[in-house]
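Peer 1: This is the structure I want to talk about, given as structure tokens.
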Amino acid sequence: MDIGKLLQLRKLGVVFNGNQNSFKHLLQAIEKLNRSLISLSIRVQVSDGHETPDMNMAEPTAFSFPKFLESLNICGVKSGLPRWIKELNRLSKLTLCETHLGEQDMAVVGNLKGLQYLQLKHRSYVQTKLTLGEKQFQHLKILLIHGPDITDISFNKTPKLEKMVWSFREMKSISGMDRLPCLRALEQLSFTVTATQTRWKKLLKITPIIQISSTMVTVKAKKKLEARMMMMPQPPTQPQLPNYIQSITRSIH
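Under this note's numbering, the residue at position 145 of the sequence shown is numbered 145, and the numbers go up by one with no gaps.
In structure tokens:
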């Protein structure tokens with residue numbers, strides 16, 4: 001099917017596995033939808049021994065980009081952001097994964113006037129420090145960061161940020177929180193399994209919660225209890241575990 005003929009198409013998701021020339025044909029088809037598309041997702045999957053297509057090199061001459069895009073998802077394109085992204089005045093949602101961006105690329109993202117939602121997935125940004133510069137990200141409301149690369153985050157001024165989720169392997173610093181006047185929710189999730197958590201897991205494997213507490217009969221409740229126990233500084237001995245679980249169970253009901 002020639003997707004370029006679907007002139008009323010508003011949302012397009014593509015999983016691409018091909019060469020540079022095929023990628024050029026894909027962009028030519030997208031160009032034909034430049035007046036209808038509001039949501040575009042491109043995921044590039046490259047077979048072993050093949051090069052990742054360069055989006056900018058594959059771009060047709062005088063490329064007419066989808067100017068009305070509101071949502072853009074790019075995954076697996078490691079040649080940088082498309083040149084035309086800075087012209088997307090209506091773009092409010094951007095999700096990136098395996099894009100290997102640097103500081104200059106992130107500055108371009110920060111200057112997107114309408115951006116309200118930014119999700120940085122695995123290897124989307126490969127520097128250890130992420131700085132949200134002054135006069136950048138002025139309308140950003142939601143920031144989601146998932147991946148092991150970023151260890152430091154610095155906010156200069158992000159006046160409308162309401163929610164931030166940061167999943168990390170190592171956190172060294174987070175600064176500028178006093179410059180986030182609208183922040184309502186902050187979640188920090190660590191990938192690192194501590195020695196204490198390891199001991200807990202071994203203990204729970206030996207004596208499952210479901211066998212100890214008759215009140216904990218749902219998977220959701222079990223997960224909630226396990227999460228609470230993982231936060232405890234020191235696991236009890238196995239004989240102490242039943243009473244320990246009962247006391248925590250009462251506290252979360």
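C-beta: ideal position from N, C-alpha, C; glycine also. Keep in mind that this is a model prediction, so the values were computed, not measured.
(1) With 16 as the cutoff for other CB atoms within 10 Å, does residue 66 come out buried or exposed?
(2) I'd like to know whether the C-beta atoms of residue 254 and residue 144 end up nearer to each other than 8 Å.
(3) Have a look at the DSSP bridge pairing and note the partners of residue 146.
(4) By DSSP, does residue 15 sit in helix, in strand, or in coil?
(5) Only counting the same chain, and skipping five residues up and downstream in sequence, which positions put a Cβ closer than 6 Å to that of residue 8?
(6) Distance, Cα to Cα, residue 171 vs residue 152?
(7) Out of curiosity, what's the CA-to-CA distance linking residue 99 and residue 137?
(8) Whole angstroms are fine: how far does the CA of residue 19 sit from the CA of residue 208?
(9) Three or more C-beta pairs under 8 Å: does that hold for the stretch 39-59 against the stretch 76-94?
(10) Rounded to a whole number of angstroms, what is the C-alpha to C-alpha distance between residue 175 and residue 135?
(11) Just to confirm, are residue 96 and residue 120 a CB contact at a threshold of 8 Å?
(12) Can you tell me the Cα-Cα spacing of residue 186 and residue 161, whole angstroms?
(13) Grab me the residues of residue 87's own chain with a C-beta within less than 8 Å of its C-beta, minus the 5 sequence neighbours each way, in chain order.
(14) From 103, 44, 38, pick the residue whose C-alpha is nearest to that of residue 70; which is it?
(15) Output yes or no for whether 8 Å exceeds the beta carbon distance between residue 58 and residue 23.
(16) With DSSP as the reference, label residue 220 as helix, strand or coil.
(17) Within the stretch 66-150, note down every full beta strand (DSSP E) run reaching 3 residues or more, in order along the chain.
(18) Grouping DSSP H, G and I as helix and E and B as strand, with all else coil, what is residue 152?
Peer 2: In short:
(1) On the sequence shown, position 66 is the one that residue 66 refers to. Classification of residue 66: buried, given that the 10 Å Cβ count is 16 or more.
(2) What the structure shows of the chain is the stretch from 1 to 253, and residue 254 is not part of that stretch, so it cannot be assessed.
(3) Looking up residue 146 in the sequence shown gives position 146. By DSSP's assignment, residue 146 forms a beta bridge with 167.
(4) Your numbering for residue 15 matches position 15 in the sequence shown. It is a strand residue.
(5) Taking the sequence shown and counting its residues from 1, the one referred to as residue 8 is at position 8. The residues are 36.
(6) As a working mapping, residue 171 is identified with position 171 in the sequence shown. As a working mapping, residue 152 is identified with position 152 in the sequence shown. Near 6 Å, if we compare the C-alpha coordinates of residue 152 and residue 171.
(7) Taking the first residue of the sequence shown as 1, we reach residue 99 at position 99. Taking the first residue of the sequence shown as 1, we reach residue 137 at position 137. In this structure, the CA atom of residue 99 is about 19 Å from the CA atom of residue 137.
(8) Locating residue 208 in the sequence shown gives position 208, where the first residue counts as 1. Locating residue 19 in the sequence shown gives position 19, where the first residue counts as 1. Unreliable positioning characterises residue 208 in this predicted model, as indicated by a pLDDT of 47, which lies under 50. A coordinate reading is not provided.
(9) Contact between the stretch 39-59 and the stretch 76-94 is present, because at least three Cβ pairs lie under 8 Å.
(10) Position 175 of the sequence shown, counted from the first residue, corresponds to residue 175. Position 135 of the sequence shown, counted from the first residue, corresponds to residue 135. Rounded to whole angstroms, residue 175 to residue 135 spans 17 Å at the Cα level.
(11) Position 96 of the sequence shown holds residue 96. Position 120 of the sequence shown holds residue 120. Cβ atoms of residue 96 and residue 120: closer than 8 Å.
(12) Taking the first residue of the sequence shown as 1, we reach residue 186 at position 186. Taking the first residue of the sequence shown as 1, we reach residue 161 at position 161. Rounded to whole angstroms, the separation of the alpha carbons of residue 161 and residue 186 is 10 Å.
(13) As a first step, residue 87 must be located in the sequence shown, where it is residue number 87. 65, 67, listed in sequence order.
(14) By 1-based counting over the sequence shown, the position of residue 70 is 70. Closest option to residue 70, judged by alpha-carbon separation, among 103, 44, 38: 38.
(15) Along the sequence shown, read from residue 1 onward, the residue named residue 58 stands at position 58. Along the sequence shown, read from residue 1 onward, the residue named residue 23 stands at position 23. Yes. Within cutoff.
(16) Numbered from 1 along the sequence shown, position 220 holds the residue referred to as residue 220. Caution applies to residue 220, whose pLDDT of 47 falls short of 50 and renders its modelled position unreliable; the value that the coordinates give is listed next. Note: residue 220 maps to helix in three-state DSSP.
(17) Correct list: 71-75, 93-97, 117-120, 129-132, 142-146.
(18) The residue given as residue 152 occupies position 152 in the sequence shown. Residue 152 sits in a strand when the DSSP states are folded into three classes.
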